[in-house]
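Asks:
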Amino acid sequence: MSTPKQRALFISFEGSEGSGKTTQIALLQDRFEKAGRNVLVTREPGGTQIGEEIRHLLKHCQTQSKMTPEAELLLFAASRAQLVREKIAPALLEGRVVLCDRYLDSTTVYQGVARKISKDPVSMINHFAVGEFMPDLTIILDIPAELGFKRIESRTSDLPDRMEQESIEFYMAVREGYLLLAKSLPDRFLVVDGTRAKEKIAQEIWNEVARRKL
Ligand code: T5A
């Protein structure tokens with residue numbers, strides 16, 4: 200007799216650069232695995248071979264080439280469409296936990312709010328890319344734009360990429376965009392104060408997962 204499949208669970212993480220998404224995803228993965236769950240960790244843009252090639256283009260194309268906001272939007276959506284069908288949907292159908300570093304809300308906020316592309320095409324393209332696969336929970340790690348900048352600067356390994364060269368005003372708009380989005384969809388979003396110690400944040404996230412019986 201085969202063992203019954205566990206309930207699939209899809210959690211996305213959002214927030215500006217340096218907000219601590221990668222750190223918290225690793226801590227949550229560890230908690231889920233200790234609880235006996237099979238976890239897929241993935242990221243956007245990227246997560247598939249095609250997606251990683253699109254990621255490289257988005258992050259490292261020469262700034263002089265001046266990628267248009269519309270082209271940028273479609274590239275993020277293309278990476279997402281591939282990731283959903285190749286990785287996320289099969290994992291959810293197998294009853295796994297999926298932890299995704301950014302998802303469609305990044306497009307709503309970065310391309311919609313910060314790049315000022317109008318709401319209707321952003322929403323339509325987002326939903327075309329993801330189909331029926333929406334997160335059960337979306338965690339926003341909220342930090343002031345200045346702190347994100349400091350955390351990125353303190354990374355000695357990388358030079359800032361194309362997106363990381365935006366102005367402080369851009370990141371302030373991103374932060375406001377996330378907070379407004381969370382207010383409009385309180386059932387799906389959890390806003391967490393990302394300025395606290397890593398372990399404190401991880402505990403709050405785990406408590407919320409338990410509270411929601413996810
Ligand atoms: N984008 C993406 C769009 O414009 N539209 C879209 O649709 C999508 C999907 C992706 C870029 O693409 C844009 C958004 C981005 O500009 P990325 O390289 O994937 O770029 O970068 P980010 O997702 O922004 O991830 P980062 O790696 O920059 O930041 P994280 O993952 O949020 O943060 P993390 O965990 O790596 O932490 C950063 C540093 O802070 C420390 C860590 O140790 C690390 O050094 N840190 C803390 N320090 C103190 N206290 C804490 N609580 C800390 N948590 C972490």
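All you need for my numbering is the position in the sequence shown, starting with 1, plus 199. Where is the CB? At the ideal position from N, CA and C, for every residue including glycine.
Return yes when the C-beta of ALA401 is under 7 Å from any heavy atom of ligand 1, and no when it is not.
Replies: Answer for ALA401: no, Cβ out of range of ligand 1.
Asks: Measuring CA to CA, which of PHE231, SER264, ALA277 is closest to GLU252?
Replies: For GLU252, the nearest C-alpha among the options comes from ALA277.
Asks: So, are the CB atoms of ALA313 and ALA270 less than 8 Å apart?
Replies: No, the Cβ-Cβ distance between ALA313 and ALA270 is not below 8 Å.
Asks: For a quick check, are the C-beta atoms of GLU216 and GLY347 less than 8 Å apart?
Replies: Contact: yes.
Asks: Which whole-angstrom value is the C-beta distance of VAL297 and ILE339, which I expect to be below 8 Å?
Replies: Not quite, the Cβ-Cβ distance comes to about 18 Å (not below 8 Å), so this is no contact.
Asks: Which residues share a DSSP beta bridge with ARG242?
Replies: Answer is ASP300, bridged to ARG242.
Asks: Could you tell me the boundaries of the beta strand (DSSP E) in which SER211 lies?
Replies: Here the beta strand (DSSP E) through SER211 covers 208-213.
Asks: Short check: CB of ASP303 to CB of ASN325, under 8 Å?
Replies: The question names Asp, but residue 303 is Leu in the sequence shown. It is a contact, given that the beta carbons lie within the stated cut-off.
Asks: If ILE342 sits next to SER218, beta carbons under 8 Å apart, how far is it from one beta carbon to the other, in whole angstroms?
Replies: Rounded, the Cβ-Cβ distance is 5 Å, consistent with contact.
Asks: Identify the continuous beta strand (DSSP E) that holds ASP335 and give its terminal residues.
Replies: First-last for ASP335: undefined, no H or E at that position.
Asks: Please name the residue in PHE369, TRP405, ASN406, THR222 whose C-alpha comes closest to that of VAL308.
Replies: Closest by alpha carbon: PHE369.
Asks: Drop a sphere of 10 angstroms on the beta-carbon of ARG395, count the other beta-carbons inside from all chains shown, and report buried for 16 or more, exposed for fewer.
Replies: ARG395 comes out exposed.
Asks: Using only CA atoms, which one of LEU257, VAL240, ARG242 lies nearest to ASP360?
Replies: If we check each option's Cα against that of ASP360, LEU257 comes out closest.
Asks: Taking THR247 and GLU285 to be in contact with their CB atoms under 8 Å, please state how far apart those CB atoms are, rounded to whole angstroms.
Replies: Going by Cβ atoms, the distance from THR247 to GLU285 rounds to 5 Å, so yes, they are a contact pair.
Asks: Report back the beta-carbon spacing between LEU282 and THR241 to the nearest angstrom; my notes put them in contact at under 8 Å.
Replies: With 8 Å as the limit, LEU282 and THR241 qualify as a contact, their Cβ atoms being about 6 Å apart.
Asks: Near GLU232, which residues of its chain fall below 8 Å by C-beta distance, leaving aside the five closest residues on each side in sequence?
Replies: Taken in chain order, the residues that qualify are VAL238.
Asks: Look up GLU392 in the DSSP assignment and give the residues it is bridged to.
Replies: It is Asp, not Glu, that sits at residue 392 in the sequence shown. Paired residues: ASP341.
Asks: State buried or exposed for ARG279, treating a residue as buried only when at least 16 other CB atoms are found within 10 Å of its CB.
Replies: Buried: at least 16 other Cβ atoms inside 10 Å.
Asks: Exposed or buried, PHE327, counting other C-beta atoms within 10 Å across all chains shown (16 or more means buried)?
Replies: PHE327 is exposed by the Cβ-count criterion.
Asks: Excluding the 5 residues preceding and the 5 following ARG236 in the sequence, name in chain order all residues of the same chain whose CB lies nearer than 6 Å to its CB.
Replies: Excluding residues within five positions, the ones whose Cβ falls inside 6 Å are VAL296.
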